[in-house]
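Asker: Start counting at 1 in the sequence shown, then tack on 116, and there's your number in the working numbering. Backbone N, C-alpha and C fix where the C-beta goes; we use that ideal spot for every residue, glycine too. Have a look at this one.
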Amino acid sequence: MTSFHMDVAITWTHPTLVTTFCSSNPQEVDFLFDSFIKDSAPALSLVHAGPSGSSSDSNMSTQRETTSSEDHLLKPPEQTPGLPRVKQFSPGHVRKLGQTRKIRHRRDFKDEENPDEKACHFKELELKPLYKELLYTIAHKMGTSASTEDFADRQLHQYIKEALTMTESEHNSLMDKVQNAEPPVYCLMATVKEAKGILGKDVSGFSDPYCLLTILEDEEERRTRRSRAKASKYVVKDAVSDDEIYQTDVKQQTLNPIWNETFILEFEDIVGASFHLEMWDKDEEVSLTQKLEEFTTNFSSLSRIIKEVKKEKGTDDFLGKIVIKLQDLHCTEDNWYILEPRTDTYPDRGQCHLNLKFMHKTRDDTLSPGRNAYINYCGILQQFVLSYISKQKSSTPWKGELCGEAQTLLEHYATQNDLSSFLQDLAKWVAYSKLCQSIEVDSSLLLQQLTCVEYHWHQHELPQQQKQELGDSLHGFLHYGLHLVSKYRDVFPPTPSATPKLHTLLRILVQICKTQAFQKMNPADFQVHDEVADAVQTGTQEWFTNKKGLHQPMTKEPSEIISALSRLIEEVRDDIKLNKDVWNRTFVSAVQVDVFTAVYEKLDSLLATEVRETLSQMEGHIDQGLANSLFPVYLSLQVIRKDKAFLQKREAQPYWLNQMFNTTMDRVERAIKVDQLQPLHSGAVPIKHSSSAVDLAACIQPVCDLWEQMSWPDPEEAFMLMVKITEDVCKIVVTYCHSLKDRVRMLSKNCDHGSAINMLCVVVNDLEYLRSVLARLPTQLNWAGLRERTQHVIGESQFHNTLPLQVQQAQGILRREIRSALETLSRKLNTDIETHVRGMSTRKRIPPKSTEDAATPLMRYLEKELHYMNENLVQENFNSLLTPLWNNSVKILHQMASEHSQQEGLIVFCHRLLYTLQCLEQCFHGEGNGLPLNVLHSDEYKTLNAYLTHHSLSSRHLVDKFLEGKIWEQRVIAGEKYGAVTLLTSYRRSDQRLRVEVLNAVNLLPMDSNGLSDPYVHLCLEPYHTFPLVEPCCTQIKSCDLNPLFDEAFEFLVGLNQCQAPGACLVVTVLDHDTLRTDDFEGEAFLSLKDIPGVARGGEEKDGLSFHPDAPPAQIRLPLTHPKPNENKILKLLESRKGEREIQAFVKKRRQREKQSKEQSQAQRAHFFFHPKI
117 MTSFHMDVAI TWTHPTLVTT FCSSNPQEVD FLFDSFIKDS APALSLVHAG
167 PSGSSSDSNM STQRETTSSE DHLLKPPEQT PGLPRVKQFS PGHVRKLGQT
217 RKIRHRRDFK DEENPDEKAC HFKELELKPL YKELLYTIAH KMGTSASTED
267 FADRQLHQYI KEALTMTESE HNSLMDKVQN AEPPVYCLMA TVKEAKGILG
317 KDVSGFSDPY CLLTILEDEE ERRTRRSRAK ASKYVVKDAV SDDEIYQTDV
367 KQQTLNPIWN ETFILEFEDI VGASFHLEMW DKDEEVSLTQ KLEEFTTNFS
417 SLSRIIKEVK KEKGTDDFLG KIVIKLQDLH CTEDNWYILE PRTDTYPDRG
467 QCHLNLKFMH KTRDDTLSPG RNAYINYCGI LQQFVLSYIS KQKSSTPWKG
517 ELCGEAQTLL EHYATQNDLS SFLQDLAKWV AYSKLCQSIE VDSSLLLQQL
567 TCVEYHWHQH ELPQQQKQEL GDSLHGFLHY GLHLVSKYRD VFPPTPSATP
617 KLHTLLRILV QICKTQAFQK MNPADFQVHD EVADAVQTGT QEWFTNKKGL
667 HQPMTKEPSE IISALSRLIE EVRDDIKLNK DVWNRTFVSA VQVDVFTAVY
717 EKLDSLLATE VRETLSQMEG HIDQGLANSL FPVYLSLQVI RKDKAFLQKR
767 EAQPYWLNQM FNTTMDRVER AIKVDQLQPL HSGAVPIKHS SSAVDLAACI
817 QPVCDLWEQM SWPDPEEAFM LMVKITEDVC KIVVTYCHSL KDRVRMLSKN
867 CDHGSAINML CVVVNDLEYL RSVLARLPTQ LNWAGLRERT QHVIGESQFH
917 NTLPLQVQQA QGILRREIRS ALETLSRKLN TDIETHVRGM STRKRIPPKS
967 TEDAATPLMR YLEKELHYMN ENLVQENFNS LLTPLWNNSV KILHQMASEH
1017 SQQEGLIVFC HRLLYTLQCL EQCFHGEGNG LPLNVLHSDE YKTLNAYLTH
1067 HSLSSRHLVD KFLEGKIWEQ RVIAGEKYGA VTLLTSYRRS DQRLRVEVLN
1117 AVNLLPMDSN GLSDPYVHLC LEPYHTFPLV EPCCTQIKSC DLNPLFDEAF
1167 EFLVGLNQCQ APGACLVVTV LDHDTLRTDD FEGEAFLSLK DIPGVARGGE
1217 EKDGLSFHPD APPAQIRLPL THPKPNENKI LKLLESRKGE REIQAFVKKR
1267 RQREKQSKEQ SQAQRAHFFF HPKI
């Protein structure tokens, strides 16, 4: 398009050419934007919604009914008296608000009624029912208000007369009706929440607490005291009948019970009445033997046992009580109360958390028929607020304060009618949001109430009527707020005091649209950004029309017409400047609306049309004087033209990038919708990812091209642009990742198992492909070149902590999703693995097939599936799949082994699982090409391997393992805590004799009361199945000696093969001899027979005899040890094999040693406790 300014400059000295110019440019003259903005930045233009149909009258007649009280209390902004009706700003508003919220019919007063009749009608229908409710509330109020000031009834009566504008005669008439009304049923709602630090009455140190609750009035309490000769244990139970006593649940074995139980307790008169709570410990009838079984080494339990013996069976123990006079309570209380004792014994009995609230169970409903408590509360609140504001003379915004009488009455009415905090906050929001349309309300008050409603929305469920109420209120305020936005030039002038108010209004609109309540009740796609932009456009159109009418020429003289156009252009120029310098900052920070661009574009179109029409009227009438008058018009247009530079700078950047982001996201979403999650094709180098991954990579390339085309000159601004572009790319990749998961979930619902696995493989490949795309992003965007340009304005740390960090975070999300997908893939495979493993399990008898045959189906399946995965997954993902698959396989084997409860066939089954585990290890290791051994040998693998190894062995082999473990422990023991024994040992192969000489023992523990011991040494060859004919030997007893000298020799006739058998050892046990009871255990030591000279393999043998000369004896010092009870897994396993007598005898002997060790340790501690000097 030819520039208008250039043509005016050319034709300035030729006025007769103006007509030619105008006739040759019949289209709209775009004198404010060049072709680059129009063609290359479409994101700058705001989209206007198309027309939409409005609801017909027949549809409106089907709206829901509303009660009369609700009609007058809850009027939308457009019908609030004294306020202008809210108009529809654009067809978009009709589409998004009109069709999603049904406009409610309202029964207003007839138009033909005069104001006095309307006021009388309103008072009769609205104010008098509220007045009677307030009189009823005052007459039957309970508890004190949270207000700091206490008001008498006459003060409250005087206040409501003024607030609701009642005369004295009306007051007396309504007072008589209230006095003749049915009285309410007084109730105390008591919620027992929890207790802490209560007494422990049971032997275990805990209690089984429960609470008894009731309300005692004066006569009942006096009668109870007179009827008791002595203090009764159950004060509550003796005071009233059982149907007036409420009991909580019994909480088992705790000192900090949690109940959260609510009870409603009725009473007749608050005067003299008191709330009683007693806490008791529930005791069941149990025998003394059961009590003694709970007794351990805790000596404090002994006193409890003695008390239990003396106490009657089944008698509950008193834990504490709480007594509160009802007159001392507030309307609502939520406190911790101290549990008081009956006597001074145990004064500290803990605390109990109670929530107490007075309420009316029933009220006379004839006072305000057809109205519920919530509607009345809304009406009372509105009347109190209006009364308070009418008495204030301050010009400052109202901040929500009310007088003390109003706060007291609102609190009493809400508690008596059991109105929740949610309903109270909802009523305040409805009232305040409407008041702000007629008076100046502090914006923080609206935000606070909106936040409260949003908080309660997550906690509670609103009734349908209140949901509709809230929806109407939110939408009504949105209409009103958008109406103000359209008039922002007049309502919020560019002053320091007005612009913050505009900012707050926009914040409230944004907050409303973010609330869950609005989103739940607004099914249409309502975007506050678009609505505000439409309102600005509509307001700009109206403003221009008004200004055009204001500057209409008085006559049709050409000079007068040009003068009027000049004044209109001056107005437009000033408005554009204000939008640029003042209002744009406010709109952008609050709702991200570039109001300058919106206004500039709108005025561009309107002013171009106006200039074209004006110049067309001048056709054929141009003379020198008229041409001279056009010169100021040209200068004004030049000033407006200069503001175009502001539009082209950073204000346009977000729109360009937003357009790029939205376009790319749309392409990605379309690509996912058509993606069937199949590999693209196979060939020499098969492509294993799907079409959407390729489309996404192609979508990112235009982003890089846009960056290159922009070639932003300013280094600092270029860095900020790069941050935004990188952030958008990462966001696109992450969004694609989540959408891809939803896509595979949808496609795999109705497909077979194999197809689902194949799609999962493709998804994993797609995510891995995206990781490679992100890795190339710094090169594509030329981060190195940008770093070189910005090194003088952007620090090194700031650069690397911003751009690379964004890519790293996106890479991390992709890695997590890949791991998640691989784990899902692994679980699908593990389902089949589990089926094969279960097939190896035994039922009634062992299947007649070998271990290798039992494991073959599983190994064939794994070979097939892993081969398939290797072909369909890229190498990185295949390697990553092996780890979770291996871990899950180990878990399955462990689970199968643990679930096999039948002892019959367990050894064979565990042997098969062990063989399977070894085969799996070889399979996943792949001769060094798969998982490394350090990954395979995880802690769970080691645990499973040990478990299967032990359970697959026979009992005798397990005994050998157990003894080998003891020998290893003996070799690595450090110190001689329990003393030591010295032996001189040798083995003569010539006559197959094992000689053991017990030399001495040192540093033995004292076992007798005199601080000494009577030790002797017991020698035994183990295991029994290796040495069935060898009898154990004992040394002589050395009296009162902790360092005895024995010097006794023993010989055992045993073969060399027996000595070299697995687990063969000499068990040396030192005991303290006692005459009247079992000998005490001093300690034991294990000596491997292979460590004895002459037993070690070597030399040639013939007919069982060795030609190797006998080795000389060796002296060995063995530290004594004590067994640790219940810690050896092999011993536990042997203990479970009940059918083998030999093995059970071995286990019994070891358990006896553990028991002796434990008893001696306790006795030793007691000895040192009573004889510390010894």
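1) Where does Y326 sit, in a helix, a strand or coil, going by DSSP?
2) Which word fits Q1276, buried or exposed, when buried means at least 16 other C-beta atoms lie within 10 angstroms of its C-beta?
3) Taking only runs that begin and end inside the segment 343-399, name each unbroken beta strand (DSSP E) of 3 or more residues, in chain order.
4) If we count the other Cβ atoms within 10 Å of its Cβ and call it buried at 16 or more, is T482 buried or exposed?
5) Tell me which same chain residues have a C-beta within less than 6 angstroms of the C-beta of Q1272, skipping the five on either side of it?
6) Out of curiosity, what's the CA-to-CA distance linking A1212 and K1206?
7) How many Å lie between K693 and V711 at the Cα?
8) Write down the C-beta distance between N1119 and G1095 rounded to the nearest angstrom, noting that I regard them as a contact closer than 8 angstroms.
9) What residues are listed by DSSP as bridge partners for Q467?
10) Nearest-angstrom Cα distance between Q922 and S888?
11) Can you check which of these residues, P1209, D1163, V652 and P1139, is closest to L1182 by C-alpha distance?
12) Leaving out five residues before and five after I1023 in sequence, what residues of the same chain have Cβ atoms less than 8 angstroms from its Cβ?
13) Tell me which residues share the same chain as H392 and place their Cβ nearer than 6 angstroms to its Cβ, disregarding the 5 neighbours each side in the sequence.
14) Return the residue from the list G313, T780 and Q1108 that minimises the CA-CA distance to D1225.
15) At the level of alpha carbons, what is the spacing between P1000 and G870?
16) Leaving out five residues on either side along the sequence, give the residues of the same chain with a beta carbon under 6 angstroms from the beta carbon of I454.
17) Going by DSSP, what residue range makes up the beta strand (DSSP E) through E884?
18) Can you say whether S864 is buried or exposed, counting buried as having 16 or more other CB atoms within 10 angstroms of its CB?
19) By how many angstroms is the C-alpha of P579 removed from the C-alpha of L590?
20) Residue range of the beta strand (DSSP E) that D433 falls in?
21) Between the Cα of I491 and those of L1203, L586 and R783, spot the shortest distance and give me the residue it belongs to.
22) Quick test of your reading: V878 and S806, contact by CB under 8 angstroms. State the CB separation rounded to the nearest angstrom.
23) Please go through the same chain and pick out, in chain order, the residues whose beta-carbon is closer than 7 angstroms to the beta-carbon of P831, but skip the five residues on each side of it.
24) Mind checking who R728 pairs with in its DSSP beta bridge?
25) For the candidate residues L497, K515, P1131 and Q508, whose alpha-carbon lies nearest to that of H528?
26) Any idea if W452 is buried or exposed, counting beta-carbon neighbours within 10 angstroms, 16 or more meaning buried?
27) Can you name, in chain order, every residue of its own chain whose Cβ lies under 6 angstroms from the Cβ of R1269, other than the five neighbours on each side?
28) Shortest alpha-carbon distance to C820 belongs to which of K804, M838, D811 and V294?
29) Which of the three DSSP states, helix, strand or coil, is assigned to E647?
30) From which residue to which residue does the beta strand (DSSP E) around T1185 run?
31) Below 8 angstroms on the Cβ atoms is my contact criterion, and I expect A90 with L1234 to pass it. Report the Cβ-Cβ distance as a whole number of Å.
32) Count the other CB atoms, across all protein chains shown, that sit within 10 Å of the CB of A706; report buried if there are 16 or more and exposed otherwise.
33) Just to confirm the assignment, what range does the alpha helix (DSSP H) spanning P818 have?
34) Does any residue of chain D bring its CB to less than 7 angstroms from the CB of N774?
35) Per DSSP, N1116 forms a beta bridge with which residues?
36) Tell me which same chain residues have a C-beta within less than 8 angstroms of the C-beta of D155, skipping the five on either side of it?
Answerer: Quick answer:
1) In the three-state scheme derived from DSSP, where H, G and I count as helix and E and B as strand, Y326 is classed as strand.
2) It is buried - the Cβ of Q1276 has at least 16 other Cβ atoms within 10 Å.
3) Counting only runs of 3+ residues, the beta strand (DSSP E) found wholly inside the segment 343-399 occupies 374-383 and 390-397, in chain order.
4) Exposed.
5) Closer than 6 angstroms at the Cβ level, and outside the excluded window around Q1272, lie F1197.
6) Their backbone Cα atoms lie some 5 angstroms apart in a straight line.
7) The alpha-carbon atoms of K693 and V711 are separated by roughly 12 angstroms.
8) Indeed they touch by this definition, with Cβ atoms about 4 angstroms apart.
9) Paired residue(s): K312 and I454.
10) Pairing Q922 with S888, the inter-Cα distance amounts to about 15 angstroms.
11) In this structure, P1139 is the residue among P1209, D1163, V652 and P1139 with its C-alpha nearest to the C-alpha of L1182.
12) H1067, S1068, L1069 and S1070, listed in sequence order.
13) T330, L332, V352 and V439.
14) Going by the sequence as given, residue 1225 is Pro instead of Asp. Nearest option by C-alpha distance: Q1108.
15) Distance between the alpha carbons of P1000 and G870 is about 19 angstroms.
16) Contacts found: Q467.
17) Where E884 is concerned, there is no enclosing beta strand (DSSP E), although the alpha helix (DSSP H) it sits in stretches over H869 to Q896.
18) Buried is the call here.
19) Between the alpha carbons of L590 and P579 lies a gap of roughly 17 angstroms.
20) Segment D433 to K441, the beta strand (DSSP E) holding D433.
21) Per the C-alpha coordinates, the member of L1203, L586 and R783 positioned closest to I491 is L586.
22) Sure, about 5 angstroms apart at Cβ, within 8 angstroms.
23) Excluding residues within five positions, the ones whose Cβ falls inside 7 angstroms are R905, T906 and V909.
24) In the DSSP output, where bridge partners are listed per residue, R728 has none listed.
25) The shortest CA-to-CA distance from H528 to any of L497, K515, P1131 and Q508 is the one to L497.
26) Under this definition W452 is an exposed residue.
27) Closer than 6 angstroms at Cβ, skipping near neighbours: P1239.
28) That would be M838, whose Cα lies nearest to the Cα of C820.
29) Helix.
30) Taken as a continuous stretch (DSSP letters only), the beta strand (DSSP E) holding T1185 covers C1181 to D1188.
31) The question about residue 90 has no answer, for the chain in this structure spans 117 to 1290.
32) That one is buried.
33) First-last of the alpha helix (DSSP H) with P818: S807 to M826.
34) Note that chain D does not occur in the displayed structure, where there is just one protein chain.
35) T1098 and L1161, per the DSSP bridge assignment.
36) Summary for D155: the model assigns pLDDT 32, below 50, so the residue's position carries little reliability; its value from the coordinates is reported in the next sentence. Correct list: empty, nothing qualifies.
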